[in-house]
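Here our numbering is used: position 135 in the sequence shown is 137, and no number is missing along the way.
Cβ atoms here follow ideal geometry from the backbone N, Cα and C, with glycine treated the same way.
Let me begin by presenting the structure, written as structure tokens, before commenting on it.
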Amino acid sequence: MGRADDDGRHDTEGVDQTELGVAWLRAQESDSGCPLFTDPYAQMFLDAAEARGWQLPPTHVMDRIRSIADYAASRTKWFDEFFIAAGAYGIEQMVILAAGLDSRAWRLPWVEETVVYEIDRPDVLAFKAETLRANDVQPGARYVQVAVDLQQDWPKALRDAGFDDTEPLALAAEGLLSDLPAEGRDLLFERVQELSVSGSRVAVESFGAGRREQRSDVPRWLTEHGWEVTTTTAADLMDRYGRCGPDQPDLTTPRTEFIDARLVC
Ligand SMILES: C[S@@+](CC[C@H](N)C(=O)[O-])C[C@H]1O[C@@H](n2cnc3c(N)ncnc32)[C@H](O)[C@@H]1O
């Protein structure tokens, strides 16, 4: 595989370097000696992108991507466990915001009757659908693409696609909040609230309160709106999965927190 000569978000048929970088990390983790998960679809996406002219970014960018490999693996594992637990709690509607090249609909052991709704931009979802169709792989749940920009009225698009807002949901926001403007983040949670009934669960990768660009404190916002919230720091999460101990500070670990919340009222 060659390398691109810049590190910009240049398109490869609608899918850019960010999604492909995360897919590359998942492919590497899958091939490692003791993986936290196996994602055989990540390599399919990379191969499809390469066939359309995508190249690995230059070395300094690859070094940056590699530096968060343990973080990214722990994050994937945590969201996997969130959805598996949601199924065990009886939730049948899963919503993945900004799904990118996430392959949970194909690789997780879904309970029968589960519907996985994926929201992302039309070009990203089209690339994904084409690649999986070309490889003749089937999802393990009923899979519904909702091609809409999250700054538009995505709750309407979700309902139009069959989502039932009288039933609980499990919703994930992974790798998303930093892409949204501050007011967009507040609106996002207001919309999640509007779609959620008691028993719903959300999982969010968030930046710690106090970061300049993080206007709202997500755990506080959720608590004030009736959610029971558990927060885990990235360092604790990586420690849990054996990827970094608290006594081994890793300066490349993003200062994020992982928020798991259940609507109780
Ligand atoms: C870094 S990727 C994360 C993807 C996925 N959650 C993962 O971890 O592999 C960010 C994704 O967010 C999507 N995204 C960012 N802003 C968006 C928006 N306003 N509306 C819809 N999708 C958006 C991008 O298209 C991209 O697929």
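- Only buried fits residue 79, as 16 or more other CB atoms lie within 10 angstroms of its CB.
- Under the DSSP definition of a beta bridge, residue 229 partners with 265.
- Looking only at 169, 34, 69, 107, the smallest Cα-Cα distance to residue 142 is reached by 107.
- A straight-line Cα-Cα distance of about 21 Å links residue 258 and residue 192.
- Judged by beta-carbon spacing, residue 17 lies beyond the 8 Å limit of residue 74, meaning their Cβ atoms are not closer than that value.
- Below 8 Å, enough C-beta pairs join the segment 114-132 and the segment 89-99 to call them touching: three or more.
- When DSSP states are grouped into helix, strand and coil, residue 222 belongs to the helix group.
- When DSSP states are grouped into helix, strand and coil, residue 155 belongs to the coil group.
- Closer than 7 Å to some heavy atom of ligand 1: that does not describe the Cβ of residue 128.
- Under the criterion of beta carbons closer than 8 Å, residue 182 and residue 149 do not qualify as touching, at roughly 18 Å.
- For residue 45, same chain residues with a beta-carbon under 6 Å away, outside a window of 5 residues either side, are 29 in chain order.
- The alpha helix (DSSP H) runs lying completely inside the segment 99-136 and spanning 4 residues or more are 106-109, 124-136, given in chain order.
- Residue range 203-209 is occupied by the beta strand (DSSP E) that includes residue 208.
- For residue 255, the three-state secondary structure derived from DSSP is coil.
- Between residue 199 and residue 233, the CB-CB gap reaches or exceeds 8 Å.
- Residue 87 sits in a helix when the DSSP states are folded into three classes.
- DSSP places residue 163 outside both helix and strand once states are collapsed to three, so it counts as coil.
- Residue 235 is bridged by DSSP to 259.
- A heavy atom of ligand 1 is found nearer than 7 Å to the CB of residue 101.
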